[in-house]
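Colleague: So the first sequence is numbered by our numbering: it starts at -6 and just counts up by one.
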Amino acid sequence: MTTSIRIYNTLTKTKETLQTVEPGKVGMYLCGPTVYAEAHIGHMVGPVIFDTIKRYLQYSGYEVTWVVNITDVDDKLINKSREKGISMFQLATQMTADYLANLQSLGVDQIDHMPRATENMDEIIKFIVELIDRGFAYASQGDVYFDVLKDEEYGRLSNRTADAQQGEGGETASRKRSTGDFALWKSAKPDEPSWPSPWGNGRPGWHIECSAMSRRILGKTFDIHGGGLDLVFPHHENELAQSRCCHGQPMVRYWLHNGLMRADAEKGKVGGKSDRDDGAAIEGVVSEPVSVEEATAGKISRSKGGGGLAKLIERQTGERIRFFLLRSHYRSTTVFGDGPLEEAGASLETFYRLIQRFEKISGIDFYDKDQLPIGKHRSDFVAPKLRHAAIDELVKLREGFLSKMDDDFNTGGATGDLFEMVRALNRFIDSEGLEEPAKRTPDAMAMLSTGMAIFKEMSSILGIFVRPPKQSGGNEDATQLLDGLMQLVIQLRSDARAKRDFATSDSVRNGLTQIGITLQDGKNGTTWEVNK
RNA sequence: GGCUCCGUAGCCAAGUGGCUAAGGCAGCGGAUUGCAAAUCCGCCAUCGUGGGUUCAACUCCCACCGGAGCCUCCA
C-alpha cells in the first residue's frame, strides 16, 4: 500500500513517511494512566489523538490494532490505597472505571486492548529473565536492575547520557551498579502487594510492563508508540532500551509524543493589555481578584487539583473537549480552562445548526448511518455525478482536509476545512432556496445530501458529530414536555405576529431570551434553541 | 547548569523559502428580517526584536528579549 502519511518521530526529530512493519497493518501502543487518582484533562490528550489517528489510518485503508495499558501496580497506588484504607486492587478498579467513563464521554471508542500490569506478571517476569540472560540486567538483593552502561545507544530518544539520574535514590541507590540503572523488579516489603518471582516476592518496575505487554500483543517491533511529552524520559527511554536490548531489533518505528496541557491563568478576561500596572483597574476592565497561585498558569497535575474531569465534562460536554483538543496540533502545548472551552463550544454551534438545518429540510437523520451513508475508505470515494459549484468545492475541501491529516495528523488545520464546508453547504441551501419546500427539487436535494455526506465523512474521522449532541438535562419526559410547551408558545406568538401585534411578539421573544431560549423566525416558521 | 520546544491579528489557531499568510471566536459594514436571531457577502495580521545567508525569508542561521516543558512521580 502506498500512502503519503507522514509522522513526526521523536527519535529522529523529523517527519517520516509511514512505512509499516507489516504492509497494510498498523500496531500502536499508547501509555495509559497509572490508576491511583481520577483522570485529569491531560490524560485525555493522548487517547483523543490516538483515537483520531486510528480512525484516519483505517480510513486510509490500514488495519489497526491499538493498545492502551493500565498501570495498576506501583508505589503511588500502594500509598494512596493506604491513605484511603482500601486495597490497591480496589483503588485500581475504581480509578480504571473513572478513566474508562471519561474516555467514553470524549468519544474514544477505538481501543482494542487494555492490558493491565497485574494480569501480565508471567510475561513481565519472563521478559526480565531474558534481559538477565542476555547480560543487560542484574539481580541485587531482591531487586533487578537494568544495566544502562551495557546499552551503547541508551539516551538517544531523550538526548541525554546514561548517567542521567533515575530517581530511586536513597537506600536503593546502593544496590545499583551505576546511578543511571533503573529497576525492572522491586522486592516487596512484608505488607506490600507482591508476586512471586525468581528473585523473591516483589512487583515490577514502572517501565517493564509496557515492554512486556506490547511485545505480547503487538510483537517485538511495532509501528507507533506514544504518550505525553513528559514520558520521553525516563519512561520511554527505558522501555526502548529494555525492548531493543532484549530483542536486538528496534522496538518501535515511530515515537509520537503529544504536548502537555497547561491550566488556564483565569485572569480578568475583558479588555486589553493590563500586563503592567496589574491590580489597577483600567477603564472597563473587570478583573476578578485571584490568588497568586491561581493566577499562575501552570502544568496540570493531579497534586494541584487537576482532577475532577468528570465534572468538567458534565459542565462542558465531551464533544466540546474533544473538539477543543483537536482544534490545535497534538504536539503543541495548550492552555486549558473553561474560557477556551466556551469558545470551542461557541464554534461548535455553527456545525450543530447546519446539521439541524439539513435534517429539517431533508427529513434525513444526519447521524443515522443508513439514512446518510458515508464511505469507509478513502479509496472508495468517487466524484459525485451531479455537478454544481458547491459540490466541486466540497470535493476540493475534502482533499485539503485529507492532505492536512496526511501531514502528521494536522487536525487543527483540518478543522479549518470543516468550517469552510459548512459555509459552502449553507451557501448552497441559501442560493437554492431550500428552506422553501417548493424549491426542493430532487436534484437539489440529492446534491445537498451528497455534500452533507462528504462533510460527515470528514468529521467522523475526527470522531465528532458521530452521535447527536447530548440534550441538556437528559430527562426525556421533561424534554418532550418542553418541546410541546414551546410549540404552544410559538403558535401564540405567531398569531400575534399575524395580526402585526409586534409589541406582544417581541415581549414573548425577549422574555424567552431572558431565560436562555433563542427564537429564530425563518421562512418556514419559527425554531427555538436553548443557549448553551 | 544540561536538554527540548514555542513567540503569527483583540483572543484562539493552521501554514509556507517566492502565488491573495487557512480557519474559528469577538468586532465592524452590507444583504435578509416587522425588528431580531440564524445564514450569506465584505472588512479586520507583513508573522517577538536585532543582525546574517539568499535573486528572494514570516519560513534557514546567529544573538537577544519573552513564555513553556524535561532533567525527580507525571498523559
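Beta carbons are placed, not taken as given, at the ideal position from N, Cα and C, and that holds for glycine.
So within the segment 14 to 98, which uninterrupted alpha helix (DSSP H) runs reach at least 4 residues, ignoring any that extend past its ends?
Modeller: Complete alpha helix (DSSP H) runs here, min 4: 35 to 52, 68 to 77, 81 to 98.
Colleague: By the DSSP assignment, the beta strand (DSSP E) with residue 512 in it spans what residues?
Modeller: Note, residue 512: beta strand (DSSP E), 510 to 515.
Colleague: Among 327, 427, 392, which one has its Cα closest to the Cα of residue 371?
Modeller: It is 392 whose Cα lies nearest to the Cα of residue 371.
Colleague: Using the Cβ count rule (16 or more neighbours within 10 Å means buried), how would you classify residue 450?
Modeller: Under this definition residue 450 is a buried residue.
Colleague: DSSP on residue 503, reduced to helix/strand/coil?
Modeller: DSSP places residue 503 in helix when its eight states are reduced to three.
Colleague: Quick one, which of 70, 107, 28 has its alpha-carbon nearest residue 186's?
Modeller: The residue with the shortest Cα to Cα distance from residue 186 is 70.
Colleague: So if DSSP puts residue 188 in a beta bridge, which residue, or which two residues, is it bridged to?
Modeller: Beta-bridge pairing links residue 188 to 195.
Colleague: Can you tell me the Cβ-Cβ gap for residue 180 and residue 198, rounded? I've got them flagged as a contact below 8 Å.
Modeller: Actually they do not touch by this definition, with Cβ atoms about 11 Å apart.
Colleague: For a test of your reading of the model: does the CB of residue 251 fall under 7 Å from any non-hydrogen atom of the ligand ZN? Yes or no.
Modeller: The ligand ZN is not among the ligands present in this structure, which contains no ligands whatsoever.
Colleague: Kindly confirm or deny that the segment 209 to 225 and the segment 236 to 251 touch, where touching means at least three C-beta pairs closer than 8 Å.
Modeller: Contact between the segment 209 to 225 and the segment 236 to 251 is present, because at least three Cβ pairs lie under 8 Å.
Colleague: Around the Cβ of residue 241, are there at least 16 other Cβ atoms within 10 angstroms (buried) or fewer (exposed)?
Modeller: Label assigned to residue 241: exposed.
Colleague: When the Cα atoms are used, what is the spatial distance from residue 512 to residue 475?
Modeller: About 14 Å.
Colleague: If we count the other Cβ atoms within 10 Å of its Cβ and call it buried at 16 or more, is residue 380 buried or exposed?
Modeller: Under this definition residue 380 is an exposed residue.
Colleague: Measuring CB to CB, does residue 142 end up less than 8 Å from residue 235?
Modeller: Contact flag unset, no.
Colleague: Nearest CA to the CA of residue 195: which residue from 137, 152, 96, 175?
Modeller: Looking at the Cα atoms, 137 is the closest of the given residues.
Colleague: In three-state terms, what does DSSP make of residue 402?
Modeller: Note: residue 402 maps to coil in three-state DSSP.
Colleague: Going along the chain, which residues of its own chain have a beta-carbon closer than 6 Å to the beta-carbon of residue 165, five neighbours each way excluded?
Modeller: Cβ neighbours of residue 165 beyond the five flanking positions: none.
Colleague: Which residues share a DSSP beta bridge with residue 136?
Modeller: DSSP lists 133 as partners of residue 136.
Colleague: Whole angstroms are fine: how far does the CA of residue 8 sit from the CA of residue 506?
Modeller: Distance between the alpha carbons of residue 506 and residue 8: 51 Å.
Colleague: Could you have a look at residue 523 and say whether DSSP puts it in helix, strand or coil?
Modeller: Residue state, collapsed to three classes: strand.
Colleague: Specify, as a first and last residue, the run of the beta strand (DSSP E) that residue 177 falls within.
Modeller: Unbroken beta strand (DSSP E) run through residue 177: 175 to 180.
Colleague: Could you give the distance in angstroms between the alpha-carbon of residue 415 and the alpha-carbon of residue 456?
Modeller: Rounded to the nearest angstrom, the two C-alpha atoms are 17 Å apart.
Colleague: Taking the straight line between their C-alpha atoms, what separation do you get for residue 522 and residue 494?
Modeller: Spanning the two alpha carbons is a distance of roughly 23 Å.
Colleague: Once you ignore the five residues that flank residue 244 on each side, which residues in its own chain have a CB closer than 6 Å to its CB?
Modeller: Result list for residue 244: 233, 236, 237, in chain order.
Colleague: Leaving out the 5 sequence neighbours to the left and right, which residues in its chain are closer than 7 Å to residue 316 when beta-carbon positions are compared?
Modeller: The answer, listed in chain order, is 337, 341, 457.
Colleague: Helix, strand or coil: which one does DSSP assign to residue 8?
Modeller: If DSSP states are grouped into helix, strand and coil, residue 8 belongs with the strands.
Colleague: Measuring CA to CA, which of 22, 4, 419 is closest to residue 348?
Modeller: If we check each option's Cα against that of residue 348, 419 comes out closest.
Colleague: Under 8 Å, do residue 390 and residue 410 count as touching if we go by C-beta distance?
Modeller: It is a contact, given that the beta carbons lie within the stated cut-off.
Colleague: Would you mind sorting residue 1 into buried or exposed? The rule is 16 or more other CB atoms within 10 Å of its CB.
Modeller: By the neighbour-count rule (16 or more Cβ atoms within 10 Å), residue 1 is buried.
Colleague: Looking only at C-alpha atoms, which of 76, 231, 89 sits nearest to residue 27?
Modeller: Comparing Cα positions, the closest option is 89.
Colleague: In terms of DSSP beta bridges, what is residue 219 paired with?
Modeller: Paired residues: 23, 249.
Colleague: Between the Cα of residue 24 and the Cα atoms of 48, 11, 15, 104, which residue gives the shortest distance?
Modeller: Out of 48, 11, 15, 104, 104 has the C-alpha closest to the C-alpha of residue 24.
Colleague: Go through its chain and collect everything with a Cβ distance to residue 357's Cβ below 6 Å, but skip five positions before and after it.
Modeller: Cβ neighbours of residue 357 beyond the five flanking positions: 364, 365.
Colleague: Check whether the segment 91 to 109 touches the segment 50 to 69, taking contact to mean three or more Cβ pairs, one atom from each stretch, closer than 8 Å.
Modeller: Touching, per the Cβ criterion.
Colleague: Is it right to say residue 41 is buried, meaning 16 or more other beta carbons lie within 10 angstroms of its own, or is it exposed?
Modeller: Answer is buried; the Cβ neighbour count reaches 16.
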